[in-house]
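K.L.:
Line order of the protein sequences matches chains A, B and C. For what it's worth, the working numbering labels the leading residue of the first sequence as 1442, then goes sequentially. For what it's worth, the working numbering labels the leading residue of the second sequence as 8, then goes sequentially. For what it's worth, the working numbering labels the leading residue of the third sequence as 250, then goes sequentially. Using N, Cα and C, we set each Cβ at its ideal position, and we do this for glycine too. Nothing here was measured: the structure is a model prediction, and the numbers come from that model.
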Amino acid sequence: MTDSTDKEALVRVEGVHKIYTRGSEKIDVLQNLDLKVPEGDFLALMGPSGSGKTTLLNLIGGLDRPTSGVVAVAGERVDKASGRQLAKWRSRHIGFVFQFYNLLPVLTAERNVELPLLLTTLSRKQRAKHVATALDVVGLANRAKHYPRQLSGGQEQRVGIARAIVSDPTLLLCDEPTGDLDSKSGDEILDLLVALNRDHGKTIIMVTHDPHAAARAQRTVYLNKGMLMSEAEIAEMRAAEAVA
Amino acid sequence: MFSWISQVFMVSWFNLRNLKERLGTSLSTVVGVAGVVLVFVAVLSIANGFRTTMSSTGDEKTVIVMRSGATDEMSSGFGNDTAKIIGDAPGILRKDGIAVSSAELYVIVDVPKIGTDTPANVPLRGVSATAPEVRGTFEIVEGRMFEPGKNEIIVGSAASTQFVGLEVGADHRWGENTWRVVGIFDNGGTVEDSEIWADVKVLQPAYRRGNSYQSVHVRLESADAYDAFKDALTTDPRVNVKIEKKSDYHSGQSTFLSATILVLGLVIGVLMGFGAVFGALNTMYTAVSTRTREIATLRALGFGAGPVVISVLVESLMLATLGGLIGSGLAYFVFNGFQAATLNWQTFSQVAFAFAVTPPLLIGGLVYAVAMGFVGGLFPAIRAARLPVATALREL
Amino acid sequence: MKFLYLIWRNLMRKPIRTLLNLLSIFIAFVLFGALFAVKTAFGVGVEIAGLDRLITIHKVSLIQPLPKGYGNKIEAVEGVASVAHATWFGGVYQDPKNFFAQFAVSPESYLALYPEARLPEEQKQAWFENRTGALVGRQTADRFGWQVGDRIPIQGTIWRTPDDSAWEFTIEGIYDADKGFDTTNFFFHFDYLAETTGFDNVVGWYILKIDDPERSAQIAAEIDRLFANSSAETKTSTEKAFAQGFANQIGNIGKIVISILVVVFFTLLLVSGNTMALSVRERINELGVLKTLGFTDSHVLGMVLGESYLVTLLGGGAGLALVTLLTRAFDLGGSILPTLYLPWTGVWVGLALLAAMGFISGAIPALQAQRLTIVDALRRT
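#1: Is F430 (chain C) buried or exposed, if buried means 16 or more other CB atoms sit within 10 Å of its CB?
#2: So, for T1446 (chain A): in the same chain, excluding its five sequence neighbours on each side, which residues have a beta-carbon less than 6 Å away from its beta-carbon?
#3: Using a beta-carbon distance cut-off of less than 7 Å, what residues from the segment 1506-1538 of chain A approach chain C?
#4: Can you tell me whether DSSP reads N259 (chain C) as helix, strand or coil?
#5: Assign S331 (chain C) to one of three DSSP states: helix, strand, or coil.
#6: I need the straight-line Cα distance from W257 (chain C) to G611 (chain C), nearest angstrom please.
#7: Below 8 Å on the Cβ atoms is my contact criterion, and I expect G330 (chain B) with V44 (chain B) to pass it. Report the Cβ-Cβ distance as a whole number of Å.
#8: Distance, Cα to Cα, Q617 (chain C) vs L30 (chain B)?
#9: Is the CB of Q260 (chain B) under 8 Å away from at least one CB in chain C?
#10: Tell me the rounded alpha-carbon separation between E251 (chain B) and E159 (chain B).
#11: If we count the other Cβ atoms within 10 Å of its Cβ and call it buried at 16 or more, is S1593 (chain A) buried or exposed?
#12: Taking the straight line between their C-alpha atoms, what separation do you get for I53 (chain B) and G398 (chain C)?
#13: Is it buried or exposed for D206 (chain B), if we count other Cβ within 10 angstroms and need 16 for buried?
#14: V341 (chain C) by DSSP, collapsed to three states: which one?
#15: What does P126 (chain B) pair with, by DSSP beta-bridge criteria?
#16: Residues bridged to V114 (chain B) by DSSP?
#17: Just checking: is the beta-carbon of N1499 (chain A) within a distance shorter than 8 Å of some beta-carbon in chain C?
#18: So R226 (chain B) and I99 (chain B) are in contact, right, with Cβ under 8 Å, and what is the actual spacing, rounded?
#19: So, helix, strand or coil for E154 (chain B), using DSSP?
#20: For V1547 (chain A), decide whether its Cβ has a neighbour in chain C, counting only Cβ atoms nearer than 8 Å.
#21: Put L394 (chain B) into one of helix, strand or coil per three-state DSSP.
#22: Output the residue ranges of the alpha helix (DSSP H) runs that lie fully inside the segment 1507-1561 of chain A and measure 4 residues or longer, sorted by chain position.
#23: Which runs of the alpha helix (DSSP H) spanning at least 4 residues fall entirely within the segment 164-247 of chain B, listed in chain order?
#24: What separation, rounded to the nearest whole angstrom, lies between the Cα atoms of T297 (chain B) and A492 (chain C)?
#25: Compare the C-beta of A294 (chain B) against all C-beta atoms of chain C and say whether one is closer than 8 Å.
#26: Just to make sure I have the definition right: I need the residues of chain C whose C-beta is within less than 7 Å of the C-beta of L1767 (chain A). Which are they?
#27: Quick one: residues in its chain with C-beta nearer than 6 Å to the C-beta of I662 (chain C), no 5 flanking neighbours on either side, listed in chain order?
#28: Do A390 (chain C) and Q404 (chain C) have their CB atoms nearer than 8 Å?
#29: Starting from W352 (chain B), trace the alpha helix (DSSP H) in both directions and tell me its first and last residue.
#30: Cα separation between D1444 (chain A) and V1452 (chain A)?
#31: Please report whether the beta-carbon of L1687 (chain A) lies at a distance below 8 Å from any beta-carbon of chain C.
#32: Where does L591 (chain C) sit, in a helix, a strand or coil, going by DSSP?
#33: Note down, in chain order, each residue of its chain lying with its Cβ closer than 7 Å to the Cβ of M1668 (chain A), except the 5 sequence neighbours on either side.
#34: Going by the DSSP bridge assignment, what does A361 (chain B) pair with across the sheet?
#35: What does DSSP give as the partner residue(s) for F340 (chain B) in the beta ladder?
#36: Would you tell me roughly how many angstroms separate the C-alpha atoms of T1611 (chain A) and V1511 (chain A), rounded to the nearest one?
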C-alpha cells in the first residue's frame, strides 16, 4: 500500500474516473482527473453544483472509491485499501468538517470532540487533555458542557472543527464549512481555518461555492463537469462573469 | 376556513396517507395487538369451553343422589337398600311403571392419552339399563349398546378421540376382566362424553363392590317435582343422602379448574396488553414526531388542536382495531372447537372438552383491542396538540 | 467500556421510547417467569422426585387399593432397601374449599423415605408415638394458623368414623422443605384409619427405596412379576416417571401454555425489534458521521447491538428478578398451585432467551448500520 513515487505531494490524484449508476443511467462524475496537493497547502475547490467537488473530497477522504485511477494520501493508496484499513487510516490522518456540522445531538460539545479519540488507546485523562486543547484552539473552552442545540451555528461548526483536529490529523477536509452560516460567523470559521493552516501547519482542502471563502485559501482549483478547468478556461469564465 | 369536522377529516387523511412511510412500525403495532387478542381470547376460550361442557351436563329434570357429605361420586357410596328407596321416591318419571332411575358405580381406569405414553385417569361408569333414558340426550353413534351381564363397554365420543385404543372392537384387560368395546355413544357434548360405560351389575363384582353403588341418577316428571323429591328423601330416616341437580353438581366441579384458567388468562392477557400498549405508544409517538413539521404547518394555517388530536387517535384506533380483528379471527379459526382433555382435580378424572370461542369472547377481544388503541394513541395525541408551533416549524 | 457512555446517550435520545421498549421486554419476561413457574408447579414433584424411590400402584388405577400383605413381599425383593405405604384420605376441613391432601401412612418408614421433609427430632418422635397425631406441612399450617398441639377435626368423605362424626387429629409436627417440595400435605397414622374403619388389610400404594438407582427398571419388573395373575396386579415405576405421568394428565393444556408463551414472545420481540430498527433508521446520518471519523463497521455493529442488549438485559433481567423474588418470598400459588416458584433452571432459560432476544432484535438494524456506505448515509440529512 506504500507509494514512494512522489513524496512531496501529500495528496496525489491521478487519472481518476468516478461513474455513478442511477437505474440504467450512468453518470460520469469525475473524468480522468489529476490533482496534487503538497503538504501545508490550503486548497479551495470550487465549481457549480454537480461538478464533482464533494465526490472528489470523498475520494480523498477514503469515504468512496474511484471507478479507476489512483488516489494516494501521505504515501498510502486510498483506492486500494479495505474498509477496515480505511476506517483506521481515516481516524489517524483525516479530519472532516461538514456543512451541517453533523454533531451528535445526544452528546455535549466535549463528548463530540472526544469521539475520534475513543478509537485510540489514549487513557481517559489523556483524552480529556486533548479535548481541552482542541476546544481551546477553536475558542470554545467555556462551552465544553453544552449540547449542540444550546450552541449557535458558528459555535457548532467550531466544535466540528475541534472534533476534526483533536486527533492531530495530517489532512483537514472541509465540505462547504461556511455554507450554512451567516457571513460574520463564516468569516470567523475561515479565520480559524487560515490560522490552523498558517500556525499549525495543517494541510486543508476546502470545497466551497463561495468565491469570498475561496479567496482566503492559498490557491483555488475549479471543477466543471468532472474535470479541472485550465487557466484559459478560468480566464474565459472570469471574463463571462465580468460581462454579466 | 374549514368547518371543524372537515378539519378532522383533512388532518386524519394527511396522517393516514403518511402511514405508508411508517409501514413497518404500524404493522408491528397491528401484530402486537393481534397477538394479545389472540392469546387473550384463546385462553379464555379454554375456561369457557370447560365450563360449558361441565354445566351443560344434565338439565333441570336430571338429579344426582349421593351419600350426604360426599363431595363427588368417587367419595360417595351406599348399599342396594338405599338405592331402592331412592328409586321409589316421589316425583321420578315412570315409564311403563318402571322408575327412570339409574344406580351407578364410578371408578377410574388407566388409559394412555393420545400423544403421551403415560396413563390418564379415565372414568369407568357402571350404569343400569335406564341410564340412557335418565340422560335424555344419549344416543349410540357407532356400534351398539352393551348387552346386560356381559363384559362389554361403550365409550363416550370425546373419550374415543382423546385416549388410545378406545375404538369399537378393541379389547382391554383391566384387573381380572377383559372388556370389549362394542359401541361409541354421544351424550350431547356433556362431561359424560369423556367416560366409558359398562353394566353396573358386571362392574360391581369386577371391582369387589358387592351390591353397593356410589350414586343414583334420576329423571323427574318435571322440573317442579324437584322440591318434593328432595324433601321426601332428606326427611326419610332410612337414608342419609345429598340431592343435587346434575347441572349444579357438574358446574360445582368445574369451579376450581375454570377459575384457575380464567385467572391465568386474565393475568396473561392484561400483562400482554401492557406490552402491546407500549408498542402502540411507540408507534404513535413516532408518527407524531415524523409529522411534527406538518402538524405545526397545519396549526400555523389555522387548524385547531382538536382535529390534530383526533387524527392521531383515529390512526391508533384503526391500527388496534385491525389487530383486534386479526387476533379474534385467528383465535376463532384456530381454537374454536379445538379438542382437549385434562385432569379435573376435583373428580380426579379426565375431562375431554372443546375450546369455545363465543361471540361475547370475540367482542371482549375487540373491545380490549380498541381500549389498547385508545390508550396507545391518547398520550401521543396530546403531545401533538401541545407542540409549540414556532419551534416545531424550525425543527428538522 | 469507553463506548458505553455513547450507547447510553443514544438510548437516552428518546427516553420515553427506550422506557416503553424496556417495559414491554420487562413484561415479556415477567410473563415468561410466571408461565415457567406455573408449568413447573403443574409438573410438581417431577423435578424433586428421587430416582432411587419407586412407587407401586394397582395396575388398573391409582384409586384401586393393594393388599397390605404386599409390603413384606416387596421388602424381600433383592435390591429394595425399605418400604412404606400411603393411602389417600380425602377428608374435608370445615369446607370443601379448604382443600389439602391428607394421607394415612406408615409413619416411621414413610418419613425415612423423604429426607426432604425437615422437622425437629422431638416433633418427629411425638408424632411416631401418638396414634392420632398428624404431621402437616408448613404451608398448610400457616394457611389455617395451626400450631403444634392443636386438635384438628376433619370430616371423612371416603373413610368414615362409625358414627360419621369428624376425625380428630392432634398436630404433633410441622415440616419444612426447600422450595419445590410440597409442604401442603397432611400425614397421619395408617393404624388410626385401620382401627377406626376396620379396613386394615388394604393400603393405597407403596413407596420403596432401592439401593441402586441403575437397577430401578429391573427391580420394578421383578416386583410386578411377583403379583402377576393375582387379584391385584401391580405397576411399579420410579417416582419421577410416576410424577411425570401425573403431570402428563394435564395434557394439551400444558402444551397450549407453551404455545401461548411462544406467541407472547414473538409478539413482543417484533415490537421491540421494530423499535430498535426505528431508532437506527432515524440516525443513519449520524452513523455515517461516526464512520467518517474512523469508526469501523464492527464498531457501529457493536454499538447498535450494545444498545439492544442493554435494553433487553435491563428490562428482561428486572422481569426475571421480580418473578424470582416474588415467587420465593410469597406463596402466590396459594392452595391452587402450592409449589408455584421460578426454579433456577427457569432463570437460566430466561437468561438464554434474553441473550437470544437482544441479539435478534438488534441484529437487523445493526447489520443495516454496518452495511451503510458513508456516502449514502451522509446524503440523508
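P.N.:
Quick look at the numbers:
#1: On the third sequence, residue 430 (chain C) is found 181 positions in, with the first residue counted as 1. F430 (chain C) comes out buried.
#2: Along the first sequence, one-based indexing puts residue 1446 (chain A) at 5. Here T1446 (chain A) scores only 49 on pLDDT, less than 50, and its place in the model should not be relied on; the value that follows carries that caveat. Listed in chain order, the non-local C-beta contacts of T1446 (chain A) below 6 Å within the same chain number zero, local neighbours out to five positions each way being set aside.
#3: G1524, R1525, A1528, K1529, R1531, S1532 and F1537
#4: As a first step, residue 259 (chain C) must be located in the third sequence, where it is residue number 10. Here N259 (chain C) sits in helix by DSSP.
#5: For the purposes of this step, residue 331 (chain C) is taken as residue 82 along the third sequence, with counting starting at 1. Correct three-state label for S331 (chain C): strand.
#6: Residue 257 (chain C) sits at position 8 when you count from the first residue of the third sequence. Residue 611 (chain C) sits at position 362 when you count from the first residue of the third sequence. Cα-Cα distance, rounded: 15 Å.
#7: Walking along the second sequence from the start, residue 330 (chain B) turns up at place 323. Walking along the second sequence from the start, residue 44 (chain B) turns up at place 37. Beta-carbon to beta-carbon, G330 (chain B) and V44 (chain B) are separated by about 7 Å, close enough to satisfy the 8 Å threshold.
#8: Numbered from its first residue, the third sequence carries residue 617 (chain C) at position 368. Numbered from its first residue, the second sequence carries residue 30 (chain B) at position 23. Rounded to whole angstroms, Q617 (chain C) to L30 (chain B) spans 18 Å at the Cα level.
#9: Translated into positions along the second sequence, residue 260 (chain B) becomes position 253. Interface flag for Q260 (chain B) against chain C is unset, since no Cβ pair is found closer than 8 Å.
#10: Sequence index remark: in the second sequence, residue 251 (chain B) carries index 244 (1-based). Sequence index remark: in the second sequence, residue 159 (chain B) carries index 152 (1-based). Near 30 Å, if we compare the C-alpha coordinates of E159 (chain B) and E251 (chain B).
#11: The residue labelled residue 1593 (chain A) in the question sits at position 152 within the first sequence. By the 10 Å Cβ count, S1593 (chain A) comes out exposed.
#12: Here residue 53 (chain B) is taken as the residue at index 46 of the second sequence, counted from 1. Here residue 398 (chain C) is taken as the residue at index 149 of the third sequence, counted from 1. Looking at the two C-alpha atoms, the distance is approximately 44 Å.
#13: The count along the second sequence starts at 1 and reaches residue 206 (chain B) at position 199. Its Cβ being crowded by 16 or more others within 10 Å, D206 (chain B) is buried.
#14: The sequence position of residue 341 (chain C) within the third sequence is 92, counting from 1. Note: V341 (chain C) maps to strand in three-state DSSP.
#15: Here residue 126 (chain B) corresponds to residue number 119 of the second sequence, with the count starting at 1. DSSP, once it has assigned bridges, lists B:P119 as partnering P126 (chain B).
#16: Within the second sequence, residue 114 (chain B) is the residue found at index 107, counting from 1. Looking at the DSSP assignment, V114 (chain B) forms a beta bridge with B:L131.
#17: By 1-based counting over the first sequence, the position of residue 1499 (chain A) is 58. Yes, N1499 (chain A) counts as interfacial toward chain C.
#18: The count along the second sequence starts at 1 and reaches residue 226 (chain B) at position 219. The count along the second sequence starts at 1 and reaches residue 99 (chain B) at position 92. With 8 Å as the limit, R226 (chain B) and I99 (chain B) qualify as a contact, their Cβ atoms being about 7 Å apart.
#19: On the second sequence, position 147 is the one that residue 154 (chain B) refers to. If DSSP states are grouped into helix, strand and coil, E154 (chain B) belongs with coil.
#20: As a working note, residue 1547 (chain A) is residue 106 in the first sequence. Using beta-carbon distances, V1547 (chain A) counts as an interface residue toward chain C, with a partner under 8 Å.
#21: Within the second sequence, residue 394 (chain B) is the residue found at index 387, counting from 1. Three-state result, L394 (chain B): coil.
#22: Runs found: 1524-1534 and 1550-1555.
#23: 164-169, 207-213 and 232-241
#24: The residue you call residue 297 (chain B) lines up with position 290 of the second sequence. The residue you call residue 492 (chain C) lines up with position 243 of the third sequence. Taken atom to atom, the span from the alpha-carbon of T297 (chain B) to that of A492 (chain C) is near 57 Å.
#25: Walking along the second sequence from the start, residue 294 (chain B) turns up at place 287. Output row for A294 (chain B): interface = no.
#26: With chain A covering only 1442 through 1685, there is no way to say anything about residue 1767 (chain A).
#27: Chain C is shown only over 250 to 630; residue 662 (chain C) falls outside these bounds and no answer can be derived.
#28: For the purposes of this step, residue 390 (chain C) is identified with residue 141 of the third sequence, where counting begins at 1. For the purposes of this step, residue 404 (chain C) is identified with residue 155 of the third sequence, where counting begins at 1. Contact flag unset, no.
#29: Sequence index remark: in the second sequence, residue 352 (chain B) carries index 345 (1-based). Element bounds for W352 (chain B): n/a, residue is neither H nor E.
#30: Looking up residue 1444 (chain A) in the first sequence gives position 3. Looking up residue 1452 (chain A) in the first sequence gives position 11. Residue placement at D1444 (chain A) is poorly supported in this model, since its pLDDT is 47, which falls under 50; the coordinates are not used for a value here.
#31: Any property of residue 1687 (chain A) remains undetermined from this structure, which presents chain A solely from 1442 to 1685.
#32: By one-based count along the third sequence, residue 591 (chain C) stands at place 342. If DSSP states are grouped into helix, strand and coil, L591 (chain C) belongs with coil.
#33: Locating residue 1668 (chain A) in the first sequence gives position 227, counting from the first residue. These residues qualify, in order along the chain: Q1472 and L1474.
#34: One-based indexing of the second sequence puts residue 361 (chain B) at position 354. Answer by DSSP bridge pairing, in chain order: B:Q346.
#35: Within the second sequence, the letter at position 333 stands for residue 340 (chain B). DSSP lists no partner for F340 (chain B).
#36: Taking the first residue of the first sequence as position 1, residue 1611 (chain A) is located at position 170. Taking the first residue of the first sequence as position 1, residue 1511 (chain A) is located at position 70. Straight-line Cα distance between these residues: approximately 19 Å.
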